[in-house]
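J.:
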Amino acid sequence: MMKIKILNKLFTISTLALLKRIKTLLATSLTTLFLGLSSLFPYQAFSTTDSDHYPLLILRL
-14 MMKIKILNKL FTISTLALLK RIKTLLATSL TTLFLGLSSL FPYQAFSTTD
36 SDHYPLLILR L
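For the sequence shown, counting from 1, position 11 maps to -4 in the working numbering; every step adds exactly one.
#1: When you compare only the Cα positions, how much space is there between Thr16 and Leu(-8)?
#2: Once DSSP output is grouped into helix, strand and coil, what is the label at Met(-13)?
#3: Nearest-angstrom Cα distance between Phe(-4) and Met(-14)?
Right, dumping it as structure tokens:
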């Protein structure tokens, strides 16, 4: 009975470590994907004025 408890605890610890590793890899992959896609579609920011001469920032994709 004691062996089963020890094995169960080891399994739980290794499962949690594996889930943490998967979470880290997934976060890194998503960040890399986002940065890669954002570099493919850079936005251009330029300033213009409206009729009241207030500066207006326009973002173009």
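Quick reminder that beta carbons are idealized off the backbone N, C-alpha and C, glycines included.
T.: In short:
#1: Position 31 of the sequence shown, counted from the first residue, corresponds to residue 16. Position 7 of the sequence shown, counted from the first residue, corresponds to residue -8. Linking Thr16 to Leu(-8) through their CA atoms gives a straight-line distance of about 36 Å.
#2: Within the sequence shown, the letter at position 2 stands for residue -13. Helix, per DSSP.
#3: Walking along the sequence shown from the start, residue -4 turns up at place 11. Walking along the sequence shown from the start, residue -14 turns up at place 1. About 15 Å.
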